[in-house]
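Asks: My questions all concern the structure below.
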């Protein structure tokens, strides 16, 4: 294109950056947290939590060195992006802003790394749940290398630690990367017990304030979502209230079912069938299933 | 493998490239449009429309230069691929073929870049709709950096401009890249008004001839699709007739609902619940909801 | 982070790698099959099966050389990973383990490459089915370059050959890569006839023991899954029994429908509507459709 033509287009574009580009007025100058570095840090933690998944030739003698390097690299990638993200905390919150974002980012990374042994323990139960819950799984190696449900829950358990430390944006960048990779959209705020297994997780959505017990199993397309949002005096949804369901332990939900509402509780041990729309609580140890429509034979008229 | 063995396999493969590999007889010689360059061009336009998303350290003083370079790079990537794509226009169309694909490709790129300020204006409303429509969204930065619905609509608004200029293949390469990234498959032909928000867009499908009003909100797994296709005398579907629904302004559709048919109109202000199969028009300001099946308590017999 | 702090975290992590990290006791030492090389090999085969898709400037005079190189490269990437995968075969199987994994991996790669002409023949019918089955498809080039259903079935037909040769893990790495790219999760074990078309395949799941006839068409979100699994004496699912449906030829299944159960047979020529939950067999040439709920007009009370 001609330089002149480009300049005339830019002239029309420039006034359009004063709105909608960021609620932090000098966002462009200051820089958003970088998605690439945020994901690079997340990937280092995957390698620490499942040694060998990306470095096929890892030798046992190197495990110590490998783990130390993985944690150090993860810190180096994540710490600056967390610092960059902190100014994007929701400014309607009445909490005082941190005096020193850099210092706070160091403390947050320390707490994240401290949580790795706990996360690893949870993941052992998650891998076991996948192996036990899918007759097609023939080895733990297969589960670790090829089950997107493991990617989804590993990423979630890391992002959830950042969420608990009130880090904005970065945990959502992580959950969105995972969503792209696995089709599974778990908000970093969701609380999920151990032994969680989502088989074929494409289309699964779990909202910010969902609470999920232990040994829960979801199939593809399951939504744990919000029914409707109370609005404030300006007609905007009110943030930070429980609007997603509670799913108690040992529940199974089959494909493409939708469970909505902050008051909705799915009782322990219940099985929800496929393609069901659930908007009310369900007692423990129940079935919720839909009848299959009666087949009709095709005729010349109805084709 | 042994060279001899490879050659014997290639010998069996070669006769199988005369059919199905392309309807342009010398497609292999001539070269398909390159998906990599097409997507590189699309990414440059993302950076122009949302400065800073991929270049965390962009300084305000560089914005002019950054925008000029972004538009110039996008043109350099897209123009040759558009030229390469033009011979793949549907040859059953009665339109005369362009005399000069190179010249036409320059004109098309100029028109695409001219549309950027309009696209940016639409996207401001789309970002606002996401922020207002999701209580979990705590900053515009979060919406811009981590909402796949924004990726999907941004890509669509660019691809739609190419579609309007009768560019084949390249806009579909763009929409398919977006589908891979977001799980959201919007055909470049679909017409979509401003303030559009798809939350968790995995599994959303919007067909070529769909028409969608302003401030419409979809959740995951929503289909705006075709019911059946009229066939021509050879039993093949007839191309280019309206076969997807019209969704008027201020409609909300909950997760995994399917709306089908070129005559189907969803009236303004209507809410469609989750897991509904809609094949007929719905009046404005209505609800279409399914009853939840009655839970049954598990017993020793029915388990 | 401080080196000392990292080391104390590693100390807590190390005891957590003795369980759940692999059922092959020295898996970490020995090395998992490498996902990157497995996918690099798969990509080479895509280029052999659809010349030109990734090398836009391929000239006809080079086709012979291009194909020979593609097959040689694919072998070089895949053979070592297959060798590395073979020890992960399910050790509960009563089959004797291979005496020589390296030798066996060579034989398997030879058989895979021998099957390429057959795979190419199947894919010609698959591309034709997509072109004929979607009025939006205006050229074979568009189908080959931009239809995720073609990516999904191409990858499946390759992975299925490895599955038939009892290769563990690698075919699942391939199917999971495809799942990430297309949203379509076809287990390598599924048997699928020619002329298969999945339009907008996000959310489609086809289980290991599914059997699908010729000229079958699925839309987004269709599940061909298991109803429940018989458990062994330890309460674990029994592996390797037919637990997924049979779908006969010329069946069409609309979006987000779920078909479950190893005894379920969908008869030839049947059409299943959208959002249906099917758990019993359906006779040939039938419709299975759900009624659309009656719309209710919104009032001040019910809003």
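Chains as they are written, first to last, in the working numbering: chain A, 13 to 315; chain B, 13 to 315; chain C, 13 to 315. Quick reminder that beta carbons are idealized off the backbone N, C-alpha and C, glycines included.
1) In three-state DSSP terms, what is residue 284(A)?
2) Which residues in the same chain have their Cβ closer than 8 Å to the Cβ of residue 285(B), if we skip the five residues on either side of it in sequence?
3) Taking 8 Å as the CB-CB limit, is residue 160(B) close to chain C?
4) Quick check: residue 142(A) and residue 162(A), are their CB atoms within less than 8 Å of each other?
5) For residue 204(C), does the three-state DSSP call read helix, strand or coil?
6) Specify, as a first and last residue, the run of the alpha helix (DSSP H) that residue 6(B) falls within.
7) Using a Cβ cut-off of 8 Å, pull out every chain B residue sitting near residue 292(A), in sequence order please.
8) State yes or no: is the beta carbon of residue 298(B) nearer than 8 Å to at least one beta carbon in chain D?
9) Comparing the C-beta of residue 181(B) with each C-beta of chain C, is any distance below 8 Å?
10) Of all the options 281(B), 150(B) and 208(B), which has the alpha carbon lying nearest to the alpha carbon of residue 100(A)?
11) Which of the three DSSP states, helix, strand or coil, is assigned to residue 308(B)?
12) If you draw a straight line from the C-alpha of residue 261(C) to the C-alpha of residue 308(B), how long is it?
13) Could you tell me the alpha carbon to alpha carbon distance between residue 121(B) and residue 95(B), rounded to whole angstroms?
14) Measuring only between beta-carbons, confirm whether residue 251(B) sits less than 8 Å from chain C.
15) Give a yes or no on whether the minimum CB-CB distance between residue 230(C) and chain A is below 8 Å.
16) Examine the Cβ distances between the stretch 245-255 of chain B and the stretch 287-296 of chain B and report whether three or more of them are shorter than 8 Å.
17) Whole angstroms is fine: what's the gap from residue 197(B)'s alpha carbon to residue 195(A)'s?
18) Taking only the alpha-carbon atoms, compute the straight-line gap between residue 89(C) and residue 217(A) and give it to the nearest angstrom.
19) Under 8 Å between C-beta atoms, does residue 28(A) make it to chain C?
20) Taking the C-alpha atoms as reference points, what is the distance between residue 281(B) and residue 296(B)?
21) Does DSSP put residue 187(C) in a helix, in a strand, or in coil?
22) Would you give the residue range spanned by the beta strand (DSSP E) that residue 270(C) belongs to?
23) Do the stretch 171-190 of chain B and the stretch 45-53 of chain B touch if we need at least three Cβ pairs shorter than 8 Å?
24) DSSP three-state call for residue 19(B): helix, strand or coil?
25) Between residue 12(C) and residue 178(C), what straight-line distance do the alpha-carbon atoms span, to the nearest angstrom?
26) Please tell me whether residue 173(A) and residue 205(A) are closer than 8 Å, where the distance is taken between their beta carbons.
27) Could you tell me which chain A residues have their CB closer than 9 Å to the CB of residue 214(C), listed as they occur along the chain?
28) Indicate, with yes or no, if the ligand FAD has a heavy atom lying under 7 Å from the CB of residue 171(A).
29) Would you check if the distance between the CB atom of residue 312(C) and the CB atom of residue 211(C) is smaller than 8 Å?
30) Between which two residues does the beta strand (DSSP E) holding residue 58(C) run?
31) So, with DSSP's three-state summary, where would you put residue 237(A)?
32) DSSP puts residue 229(C) in a beta bridge; with which residues?
33) Span of the alpha helix (DSSP H) holding residue 298(A)?
34) Based on the DSSP output, what are the partners of residue 258(A) in its beta bridges?
35) Counting only C-beta atoms, is residue 274(B) closer than 8 Å to chain C at any point?
36) Can you say whether residue 76(B) is buried or exposed, counting buried as having 16 or more other CB atoms within 10 angstroms of its CB?
Replies: The short version:
1) strand
2) 266, 269, 299, 300, 301 and 302
3) no
4) yes
5) strand
6) No information on residue 6(B) is available, as it lies outside the stretch 13 to 315 that chain B covers here.
7) 304
8) Chain labels in this structure do not include chain D; the protein chains are A, B and C.
9) yes
10) 150(B)
11) strand
12) 36 Å
13) The straight-line gap from Cα to Cα measures roughly 10 Å.
14) yes
15) At a cut-off of 8 Å, the C-beta of residue 230(C) has no neighbouring C-beta in chain A.
16) no
17) 13 Å
18) 36 Å
19) no
20) Cα to Cα, residue 281(B) sits roughly 6 Å from residue 296(B).
21) helix
22) For residue 270(C), the enclosing beta strand (DSSP E) begins and ends at 270-272.
23) yes
24) Here residue 19(B) sits in helix by DSSP.
25) Because residue 12(C) is not part of the residues shown, which for chain C are 13 to 315, the question remains open.
26) no
27) Under the 9 Å cutoff, chain A gives 195, 214 and 215.
28) For the structure depicted, the ligand FAD is absent and the ligand set is empty, with no information on it obtainable.
29) no
30) From DSSP, residue 58(C) is part of no beta strand (DSSP E) but of the alpha helix (DSSP H) over 47-61.
31) strand
32) 209(C) and 264(C)
33) Careful: residue 298(A) lies outside any alpha helix (DSSP H), inside the beta strand (DSSP E) at 298-300.
34) Paired residue(s): 223(A) and 277(A).
35) Judged by the 8 Å Cβ criterion, residue 274(B) is not in contact with chain C.
36) exposed
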